[in-house]
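Undergrad: So the sequence lines, in the order shown, correspond to chains Y and A.
Counting from 821, one number per residue, gives the positions in the first sequence under this note's numbering.
Counting from 821, one number per residue, gives the positions in the second sequence under this note's numbering.
Glycine residues also receive a C-beta, built at the ideal position from the N, C-alpha and C atoms.
Protein chains: 2
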Amino acid sequence: MSEDNETGTSADLTELAKRRGFFTQSAGAYGGVSGFYTFGPQGASLKDNIENSWRDRFTLQEGNMEIDAPTVMPEPVFEASGHLDGFDDMLVECPSCGESHRADHIVEDNTEYEEAEGLGPDRVGQIIEEYELVCPTCGTGLGGRAIEDFSLMFETNIGPGSSSSGYLRPETAQGIFVEFPQLKEYARNRLPFGVTQIGRAYRNEISPRKSLLRVREFTQAELELFVDPEDGDGPDLDSVADVVAPFYGVEQQEAEDGEPLEITVGEAHERGLVADPWIAYYLGAGAEWYRSIGVDMDRFRFRQHLSGERAHYAADCWDAEADVSGPGVEPDWIELAGFAYRSDYDLSKHDEYSDEDYTVFRQYDEPVTVERPTVDPDMSALGPAFGGAAGDVADALAELAAEDPEAFREARSASDRSSGDGEKPRDGDAGEDGSVVVDVDGESYEVPVEQTGFAVEEVTESGEHIVPHVVEPSLGIDRALYTVLDHCYREDEVDGEERTFLELPAEVAPTTVGVFPLMDRDGLSERAQEVAADLREQGLSVAYDDSGAIGRRYRRQDEVGTPFCVTVDYATIGEAEDDSEGEPSEAQSASEPSSGEQPREGTVTVRERDTTAQKRIATEDLPETLVALRDGDAAFSEM
Amino acid sequence: MSEDNETGTSADLTELAKRRGFFTQSAGAYGGVSGFYTFGPQGASLKDNIENSWRDRFTLQEGNMEIDAPTVMPEPVFEASGHLDGFDDMLVECPSCGESHRADHIVEDNTEYEEAEGLGPDRVGQIIEEYELVCPTCGTGLGGRAIEDFSLMFETNIGPGSSSSGYLRPETAQGIFVEFPQLKEYARNRLPFGVTQIGRAYRNEISPRKSLLRVREFTQAELELFVDPEDGDGPDLDSVADVVAPFYGVEQQEAEDGEPLEITVGEAHERGLVADPWIAYYLGAGAEWYRSIGVDMDRFRFRQHLSGERAHYAADCWDAEADVSGPGVEPDWIELAGFAYRSDYDLSKHDEYSDEDYTVFRQYDEPVTVERPTVDPDMSALGPAFGGAAGDVADALAELAAEDPEAFREARSASDRSSGDGEKPRDGDAGEDGSVVVDVDGESYEVPVEQTGFAVEEVTESGEHIVPHVVEPSLGIDRALYTVLDHCYREDEVDGEERTFLELPAEVAPTTVGVFPLMDRDGLSERAQEVAADLREQGLSVAYDDSGAIGRRYRRQDEVGTPFCVTVDYATIGEAEDDSEGEPSEAQSASEPSSGEQPREGTVTVRERDTTAQKRIATEDLPETLVALRDGDAAFSEM
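1) Under 8 Å, Cβ to Cβ, is there at least one residue of chain A near residue 850 (chain Y)?
2) Flag this pair as yes or no: are the beta carbons of residue 1086 (chain Y) and residue 1062 (chain Y) separated by less than 8 Å?
3) Kindly indicate if chain Y contains any beta-carbon less than 8 Å away from that of residue 1492 (chain A).
4) Please list, in chain order, the chain Y residues whose beta carbon lies closer than 8 Å to that of residue 876 (chain A).
5) Please compile the residues from chain Y whose C-beta is within a distance smaller than 7 Å of the C-beta of residue 859 (chain A).
6) If we count the other Cβ atoms within 10 Å of its Cβ and call it buried at 16 or more, is residue 1341 (chain Y) buried or exposed?
7) Count the other CB atoms, across all protein chains shown, that sit within 10 Å of the CB of residue 853 (chain A); report buried if there are 16 or more and exposed otherwise.
8) I'd like to know if residue 1356 (chain Y) contacts chain A, where contact means its C-beta is closer than 8 Å to some C-beta of that chain.
9) Using the Cα positions of residue 1233 (chain A) and residue 1254 (chain A), report the straight-line distance between them to the nearest angstrom.
10) Is the shortest distance between the beta-carbon of residue 823 (chain A) and the beta-carbons of chain Y less than 8 Å?
11) How many Å lie between residue 944 (chain Y) and residue 985 (chain A) at the Cα?
12) In the stretch 898-914 of chain A, which residues sit with their C-beta less than 7 Å from some C-beta in chain Y, listed in chain order?
13) Compare the C-alpha of residue 1382 (chain Y) against each of Y:1308, Y:1291, Y:1436, Y:1419 and name the closest.
14) Taking C-alpha atoms, which residue in Y:1132, Y:1331, Y:1343 lies nearest to residue 1450 (chain Y)?
15) Rounded to the nearest angstrom, what separates residue 1153 (chain Y) and residue 1069 (chain Y) at their Cα positions?
16) Could you please tell me which residues of the stretch 970-987 of chain Y, in chain order, have their CB closer than 8 Å to any CB of chain A?
17) Going by the CB atoms, is the gap between residue 1189 (chain Y) and residue 1277 (chain Y) shorter than 8 Å?
18) Interface residues of chain Y around residue 867 (chain A) at Cβ under 9 Å?
19) Between which two residues does the alpha helix (DSSP H) containing residue 1308 (chain Y) stretch?
20) Out of A:865, A:1395, A:1370, which one is the CA nearest neighbour of residue 1387 (chain A)?
21) Compare the Cα-Cα distances from residue 1323 (chain Y) to each of Y:1303, Y:1339, Y:1336 and report the closest residue.
22) Excluding sequence positions up to five away, which residues of its chain have a Cβ less than 7 Å from the Cβ of residue 1182 (chain A)?
23) Using DSSP with H/G/I as helix, E/B as strand and the rest coil, what is residue 1255 (chain Y)?
24) Closest to residue 1174 (chain A) by C-alpha separation, out of A:997, A:865, A:1198, A:965, would be which residue?
25) Among Y:912, Y:884, Y:1367, Y:1352, which has the Cα closest to the Cα of residue 1440 (chain Y)?
26) Quick one: what's residue 936 (chain Y) bridged to in DSSP?
27) In three-state DSSP terms, what is residue 879 (chain A)?
28) Threshold first: 4 residues or longer. Then list the alpha helix (DSSP H) segments lying entirely within the stretch 921-966 of chain A, N to C.
29) Going by alpha carbons, who is nearest to residue 894 (chain Y) out of A:916, A:1274, A:849?
30) Nearest to residue 964 (chain Y) by CA position, among Y:982, Y:941, Y:979, is which residue?
31) Residue 1123 (chain A) by DSSP, collapsed to three states: which one?
32) Any C-beta of chain A within less than 9 Å: which residues of the stretch 1055-1069 of chain Y qualify?
33) Would you identify the three-state DSSP class for residue 887 (chain Y), choosing helix, strand or coil?
34) Could you tell me the alpha carbon to alpha carbon distance between residue 1355 (chain Y) and residue 1082 (chain Y), rounded to whole angstroms?
35) Per DSSP, which one or two residues make a beta bridge with residue 1142 (chain Y)?
36) Could you tell me which residues DSSP puts in a beta bridge with residue 1393 (chain Y)?
Now the structure itself:
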């Protein structure tokens, strides 16, 4: 149940995350369960804001379609997708304490091997033996223990009886792929089109670890773009061509002392480093989006998959990575997102395994005339000749005509010749005396060509059916949230006191504005409640707080990243100020207000989180001012 | 796999739902799985809008906290909640075809019994026998078949090995209850406070049916309000006191020909029909909210649970119900939401089963001085006397002192007397010669009272620990969505053609605005794309459509409930109009624009769904106009 790898900032963050309601291990009252986290009020709001920001950018702005599929899916879907057979981790069980571990992690943590998963279970078992590796829990040697494939899918049973297995989806993508036959109708069969989904996904990890970073239940946001690899509109690459990011390509990774290239998306594409224009586009849009939610671009990079990491069907794949190490230690790069060119793998699999049609009709620029060989076997001859096999023979003739029409042509000329002269027919499919030969279940059947009804038609085709290719930007919401908290964590000093705050962008901050009555008397609370209600009516997320000194209330909001605080004081309600109380100041002592303004009647103090600067704003202008500040349409310093 | 009970409007709705991308049974390519639905682009957007509307009303506006807990939860949580033992349906399996059925449904469908679930499995078995009920699938008699308890929870296994059972949560509520010890800290231990959650819940139904209405995976929105039953702020009942709704109380249900009372929330509360003020408040807020998302209030009612329906711990419970029958048939009332006063049941259970503290400290108005009996046993005497049992004896003495201090007082006076006179001690806890007697594991131990260190302290207490009560409005998002589609479904005639449209409120409509170029030439498409991009930038949900006649494009948007359509024509781009094209009209023929206005340069046509009226609006005013129309801040008829 313990959290490992928690040091420095990370430990502070985990403590703050629990204390201030971002996230904590679930069901702590019952000892908790590894790999399951509950987002508290601040975390749930931050997560929701991140999801909505992604939805706005990658669904609404792009004109894509979003769907919402079940988290429990039936077995045939994962037979087709390959998850049922191949979605495993290597498990080794300690013979002494019975604890289960990831065998590849034990190898990576204790040897020079870096990508042990790719080595396969046999080799990993050998390495454990060679290096005499031991159980991380109890120290017992693991040499000679079996390395098992452990399925990462959670299995359950649907309905009564035990005949219908269901699985918690390991990715949201399958919910999109499996519905493609319907989705293409919604897109009116025009490529490219994109479908998104935000939702839960599950991996039954052997050893969950690193807080939110390796969990058993998480939220994904995936975009599946369906493209015609040879045709169709490309992305608006110009719109992101100037975005600069570190590109850590295969070449840079394999070079000694290779460093990521700090170049624009446009240059990365022109150089061929990011070959596919859609991948390049999404990398640019992705970098901009991560920046917008608070990821520090100095601790961010794009890393290309090495050939060993990539699935066999993926032509190219880039990860977005973030460094979430504490200060002064080695960078700890974690995967935030993957951007993969998946070819036609996903749709082809479902096309093969199901009875539905996963193709799209590609219209040719000009109709094309092609020759199409056909047969029309004379069943009144085949029936008596071949009995029960006649139907299969007819099918085999149709297949042969499509694959090797020459066999029929040669048989026909042999037949013509044999009726004319005595030349010997050729060997092979063209049998004796102008016949063709087909195989059915290992038997050869010879059919006179004139009984096959062979003909070649000229057909004009306006297009063809193709299986679309898939470009997939896929990201983890929980990891984005963790990274944003890590990158926005700040410590400074205000009025001689240490302060912890989260420099979250106003767009994603869980609470946009804290509203405080200066004192809980003289009608200040009632007025402050009204102000809070007005702000909520504008759709702002408001925290009302009337307990403790103003300075403490500021600190509470600082810690959860609330960008603005509003204090209702005597000037707000137009009454003579109680002399014993000054303007709200950062410290508990009544120092001068940092704005230096004279409080005007009907105004409130607005205080900015990052600078702690204060300004007085007319109460009536407050809702629209704060909406503008949240949306980035106004700057606090210029007010 | 088939959908039963689909007739009239309902069948039309299900067909439209699939064709236009609202919802359809999942994984249809593999034959589908009963009880699992995928929301297509329109449905996912409508669902998201309904969720956000609920969040705005019941989280943000109320100042409640929202959390986001895992869908997989460990077994001990459901041991405490009672779901592990009691969350079952009655299953009967056909001996002939092997099909499983809900035994109580078979009884309800074929006898006069209406609430068979409450009768228990034995009685249901008897009724099946008495009435000679048969398998609905194959007609074989079911008399004498065992009625089994079938758990409705989906079970899975967490991690390697089989020791750790997890369950897909049957309700989102437990994710809130179990974290109460942490949540009360976020609320700084002040009651009342409310916590919400929107998320997936699961019920492994024996026979899913009625489209979205009885499914195995669904989305709940739940609010758990934690209150002190004797104290604390009440709701702002005045704010909803004037809301009128049909209240179908126990009395009205039990009266012959009883009809719901059409009265205000305020009156329902004053009459004592809805006794709890919080329940009354949420009924009012709930009715207003359902109306706002498109539920027809003429097909809506609140129905109080009969005493047999209510859980034993629930003091009162009301359901919101909607009629989703087709026109001209018997009303088919379905449950949309439950509003329950759950007493301290939920938190008491977790307090009892876990080691955490589920109480909140209730401060008294005035400190109270109470007597508290204590013991301080003399272990140097008890040790030699009782050996290994001495510790348990000391604990038993402390218990006895709390429960029956008189025993010590009497023993003491007996002791005083026996040292003075020779009176006989009383029987019972006061033993011979001024001793007290305690039982430990069935043995009696007699302890001289002077060795117990018995004393009575006067203690001043400032408050006490109480287990908060829970008021729970709990609703199903999928059922709300289904009802909204059903209640907003319209058929009319426009320009002599039949039209189907959804009269969805603009706030929840999946798409707010359709944008069409009149023609796909002369730069109209490019201008229309710019208009669409501008609208998207304002956060509007936009559908761009350039295919087919304008009339057909209107119909497509009508069918998915898009409240406004914008057409970009020659006037928009300031060019002479192509004479062959008129203004966009409803029919394909070029009739006069219904607005009758002269097209001005730089304007577009905005067309309203419900009236099909058209107006010309300056392109530059378009984004803010449409935002105002969507948010209800402007009316189309007054523009």
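TA: Answer, in terms of the structure:
1) Closer than 8 Å to some Cβ of chain A, the Cβ of residue 850 (chain Y) qualifies, so yes.
2) Yes, these two residues count as a Cβ contact at 8 Å.
3) Residue 1492 (chain A) falls outside the range modelled here, since chain A spans only 821 to 1459, and no answer is possible.
4) Simply 1359.
5) Ordered by position in chain Y, the residues that pass the 7 Å Cβ test against residue 859 (chain A) are 887, 888.
6) Residue 1341 (chain Y) comes out exposed.
7) Residue 853 (chain A) is buried by the Cβ-count criterion.
8) With respect to chain A, the C-beta atom of residue 1356 (chain Y) has a partner C-beta closer than 8 Å.
9) When the Cα atoms are used, residue 1233 (chain A) and residue 1254 (chain A) turn out to be separated by approximately 7 Å.
10) Since pLDDT at residue 823 (chain A) reaches only 38, below the 50 mark, its modelled position is unreliable, and no value is offered.
11) Taken atom to atom, the span from the alpha-carbon of residue 944 (chain Y) to that of residue 985 (chain A) is near 30 Å.
12) Shown in chain order are the members of the stretch 898-914 of chain A whose Cβ falls below 7 Å from a Cβ of chain Y: 911.
13) Checking every option, the nearest Cα to that of residue 1382 (chain Y) belongs to Y:1308.
14) Checked all of Y:1132, Y:1331, Y:1343; the closest Cα to residue 1450 (chain Y) is Y:1331.
15) Between residue 1153 (chain Y) and residue 1069 (chain Y), the C-alpha separation is close to 15 Å.
16) Residues passing the 8 Å Cβ filter: 970, 974, 975, 976, 977, 978, 979, 980, 981, 984, 986.
17) Contact flag unset, no.
18) Within chain Y, the residues near residue 867 (chain A) are 888.
19) For residue 1308 (chain Y), the enclosing alpha helix (DSSP H) stretches over residues 1297-1308.
20) Nearest of A:865, A:1395, A:1370 to residue 1387 (chain A), Cα basis: A:1370.
21) Taking residue 1323 (chain Y) as reference, the option from Y:1303, Y:1339, Y:1336 with the minimal CA-CA separation is Y:1303.
22) Excluding sequence neighbours, residue 1182 (chain A) sits near 1048, 1051, 1283, 1284, 1286.
23) DSSP places residue 1255 (chain Y) in strand when its eight states are reduced to three.
24) Among A:997, A:865, A:1198, A:965, the Cα nearest to that of residue 1174 (chain A) belongs to A:997.
25) When the alpha-carbon of residue 1440 (chain Y) is set against those of Y:912, Y:884, Y:1367, Y:1352, the nearest one is in Y:1352.
26) Per DSSP, residue 936 (chain Y) has no beta-bridge partner at all.
27) Reduced to three states, the DSSP call for residue 879 (chain A) is helix.
28) Listed in chain order, the complete alpha helix (DSSP H) runs (minimum 4 residues) inside the stretch 921-966 of chain A are 923-930, 941-950.
29) Cα-wise, what sits closest to residue 894 (chain Y) is A:849.
30) The shortest C-alpha separation from residue 964 (chain Y) is found at Y:941.
31) Strand, per DSSP.
32) The stretch 1055-1069 of chain Y vs chain A, Cβ under 9 Å: nothing.
33) Three-state DSSP puts residue 887 (chain Y) in coil, outside helix and strand.
34) Between residue 1355 (chain Y) and residue 1082 (chain Y), the alpha-carbon positions lie close to 43 Å from each other.
35) Answer by DSSP bridge pairing, in chain order: Y:1120, Y:1154.
36) Beta-bridge pairing links residue 1393 (chain Y) to no other residue.
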